[in-house]
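K.L.:
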Amino acid sequence: MKRTLLEIVLVLSLAAAGYFGWTNLQKGKLATAEIAAIQTKVDVAEELLKDSEKEVETAENALDALEETLDPLKEKALELDAVKAAIANGPLLQDVESLYKKDKKLSVERQLSLGALRMLVKGSDDPSATDAFNKALQMADWGSRKNSICAAQIGLAAAGQKVKVMSECAVQLPGADAVASHGDPKAHGAAPAASAHASPAGDKAHGKEVKTADAHAAPHWGYEGAMGPDKWGKEFPTCGKGQSQSPLNIKSPFVKGRISVTADYKAGPLRMLNNGHTIQVNVTPGSKLRIDGVPHDLLQFHFHRPSEEHIDGKPSAMVIHFVHKNAAGKLAVLGVLLKEGNENPGIKTLWANAPAAEGPEVVLDDVSFNPGNLLPREFDFFSYEGSLTTPPCTEGVRFFILKTPVNISREQISGFPFKMNARPVQPQNGRIITSG
Ligand SMILES: [Zn+2]
1298 MKRTLLEIVL VLSLAAAGYF GWTNLQKGKL ATAEIAAIQT KVDVAEELLK DSEKEVETAE
1358 NALDALEETL DPLKEKALEL DAVKAAIANG PLLQDVESLY KKDKKLSVER QLSLGALRML
1418 VKGSDDPSAT DAFNKALQMA DWGSRKNSIC AAQIGLAAAG QKVKVMSECA VQLPGADAVA
1478 SHGDPKAHGA APAASAHASP AGDKAHGKEV KTADAHAAPH WGYEGAMGPD KWGKEFPTCG
1538 KGQSQSPLNI KSPFVKGRIS VTADYKAGPL RMLNNGHTIQ VNVTPGSKLR IDGVPHDLLQ
1598 FHFHRPSEEH IDGKPSAMVI HFVHKNAAGK LAVLGVLLKE GNENPGIKTL WANAPAAEGP
1658 EVVLDDVSFN PGNLLPREFD FFSYEGSLTT PPCTEGVRFF ILKTPVNISR EQISGFPFKM
1718 NARPVQPQNG RIITSG
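According to our numbering, the sequence shown holds residues 1298 to 1733 in order.
In structure tokens form, the structure reads like this:
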């Protein structure tokens, strides 16, 4: 009996031990699965960590690059502060203002310098600085256009004025995408432009948002739609409000003119550009137009299709505008109408070298060109007082429109890369047209 009891205890013990072992085995299996799951989680977490490390590295690299860009900017800001402090402490502005007071009609360049000095000394809020930049913008002409317009527009933008800065005026900052400059080679006035360029950095101190030019912005003016001639006045007030605007419809009555005009043009290396609005040929100094004996230097000539001037209500196929300036800064434009006919040998040379797309000036040292080859023999003309026919539409430009047109072939007309680049005729407003 004792033995049987012992056997039962033994069997039970074995059974218990077996059960215990089995449960532990199950527990072990569960634990292994849990460990595997945790391991997977750890793996995922490690992956994430690696990714964020990469992100941190990328961010650090970007930060390094930014600091490299920032260093020269910091230097510029320091330079500007030093210049500001020096100028504000000295009598320079008073000296310049009293000196310029004697000059009744300041040049564009002097207006820009005055604007820049006032902005440096009195800050960008000062209305006298804005006034000087506005005057400069109104006065900018064909001879000094792009740089002066850019300097004035950037100055006004820095002063918080509502002004669109032309896409061509994009300020080049270190690290910024390179912007191709379609420089007007006539404009060597880089100094005033540079001083105005510096103003955005100074303006940061005033906590004002500076509108810098967007290099990818659309052109600021054109001949159609939202940028067409009837909208030019928004950005360039003279285009909208001026009372002596060009072009005109040339029609009688005429007043008999007594002005003598002679062209003395010389050959030089061909320098031309497509400025996005026309094909322009920049002329080497030496060619002159004499108006009553007063020499006017030929700066450049360019084309419009159809002609901007109408004669008795009708345009010609095209027109060439020869732009001149005398020592006093007065502009004179000689207009030569082109009518469809035989091929023009001079235009053949030009079209063969004209850039089809907008870009900087191309210099062709091996191609000699004489602008005189584009003139007719007869020199009778209509004359009137007008303006630039493109923004900023500056007035005070004398026009001489030759009565005799020259030929251009149909193929040559269609070879001009602009289908339509003519401003519509403007109100005469009582202006006298002379016929000589
Ligand atoms: Zn023109």
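Glycine is no exception: its CB is placed at the ideal position from the N, C-alpha and C atoms.
Computed from a predicted structure; not experimentally measured.
Quick check on DSSP: helix, strand or coil for Ala1413?
P.N.:
helix
K.L.:
Do the stretch 1641-1652 and the stretch 1590-1598 meet, that is, are 3 or more Cβ pairs less than 8 Å apart?
P.N.:
no
K.L.:
Just verifying my parser: in three-state terms, what is the DSSP assignment at Ala1510?
P.N.:
With a pLDDT of 40 at Ala1510, under the threshold of 50, the modelled position of that residue is not reliable, and no figure is offered here.
K.L.:
Using the three-state DSSP reduction, which class does Phe1600 fall into: helix, strand or coil?
P.N.:
strand
K.L.:
Near Asp1589, which residues of its chain fall below 7 Å by C-beta distance, leaving aside the five closest residues on each side in sequence?
P.N.:
Ile1556 and Ser1557
K.L.:
Is the beta carbon of Phe1678 sitting closer than 7 Å to the one on Phe1697?
P.N.:
yes
K.L.:
Give the list of continuous beta strand (DSSP E) stretches no shorter than 3 residues that lie fully inside the stretch 1530-1603.
P.N.:
Qualifying beta strand (DSSP E) stretches, in chain order: 1558-1561, 1565-1571, 1576-1579, 1585-1588 and 1591-1601.
K.L.:
Between His1618 and ligand 1, is there a pair consisting of the residue's CB and a ligand heavy atom that are separated by less than 6 Å?
P.N.:
yes
K.L.:
Please tell me whether Ala1437 and Gln1408 are closer than 7 Å, where the distance is taken between their beta carbons.
P.N.:
When the beta-carbon positions are compared, Ala1437 and Gln1408 stay at least 7 Å from each other.
K.L.:
Please determine, among Gly1712, Gly1733, Thr1687 and Ser1706, the residue with the shortest C-alpha to C-alpha distance to Asn1718.
P.N.:
For Asn1718, the nearest C-alpha among the options comes from Thr1687.
K.L.:
Following the continuous beta strand (DSSP E) through Arg1695, name the residue where it begins and the one where it ends.
P.N.:
Taken as a continuous stretch (DSSP letters only), the beta strand (DSSP E) holding Arg1695 covers Glu1692 to Leu1699.
K.L.:
Below 8 Å, can you find three or more Cβ-Cβ pairs linking the stretch 1657-1666 to the stretch 1514-1531?
P.N.:
Touching, no, given that fewer than three Cβ pairs across the two stretches are closer than 8 Å.
K.L.:
Per the DSSP calculation, His1618 is bridged to which residue(s)?
P.N.:
His1599 and Gly1632
K.L.:
Measuring alpha carbon to alpha carbon, tell me which residue in Glu1692, Arg1674 and Lys1548 is nearest Phe1533.
P.N.:
Glu1692
K.L.:
Answer yes or no: the CB of Thr1535 versus the heavy atoms of ligand 1, is any distance below 6 Å?
P.N.:
No; taking the cut-off as 6 Å, the Cβ of Thr1535 has no heavy atom of ligand 1 nearer than that.
K.L.:
Excluding the 5 residues preceding and the 5 following Lys1432 in the sequence, name in chain order all residues of the same chain whose CB lies nearer than 7 Å to its CB.
P.N.:
Gln1408
K.L.:
Can you tell me whether Thr1691 sits near ligand 1, meaning its C-beta is under 6 Å from at least one heavy atom of the ligand?
P.N.:
no
K.L.:
Express the C-alpha separation of Pro1424 and Ile1384 in angstroms, rounding to a whole number.
P.N.:
19 Å
K.L.:
Three or more C-beta pairs closer than 8 Å, one from the stretch 1619-1635 and one from the stretch 1697-1707: is that the case here?
P.N.:
Output reads yes: the stretch 1697-1707 touches the stretch 1619-1635.
K.L.:
Leaving out five residues on either side along the sequence, give the residues of the same chain with a beta carbon under 7 Å from the beta carbon of Gln1540.
P.N.:
Asn1726
K.L.:
May I have the straight-line CA-CA distance separating Lys1531 from Leu1628, to the nearest angstrom?
P.N.:
24 Å
K.L.:
Check Phe1430 in the structure and name its three-state DSSP category.
P.N.:
helix
K.L.:
Cys1690 to Lys1611, Cα distance in whole Å?
P.N.:
23 Å
K.L.:
Does the Cβ-Cβ distance between Ile1608 and Ile1547 come in under 7 Å?
P.N.:
yes
K.L.:
Compute the beta-carbon to beta-carbon distance between Phe1713 and Ile1576, rounded to the nearest angstrom, for a pair I have assumed lies under 8 Å.
P.N.:
7 Å
K.L.:
Are the beta-carbon atoms of Phe1551 and Ile1730 separated by less than 7 Å?
P.N.:
yes
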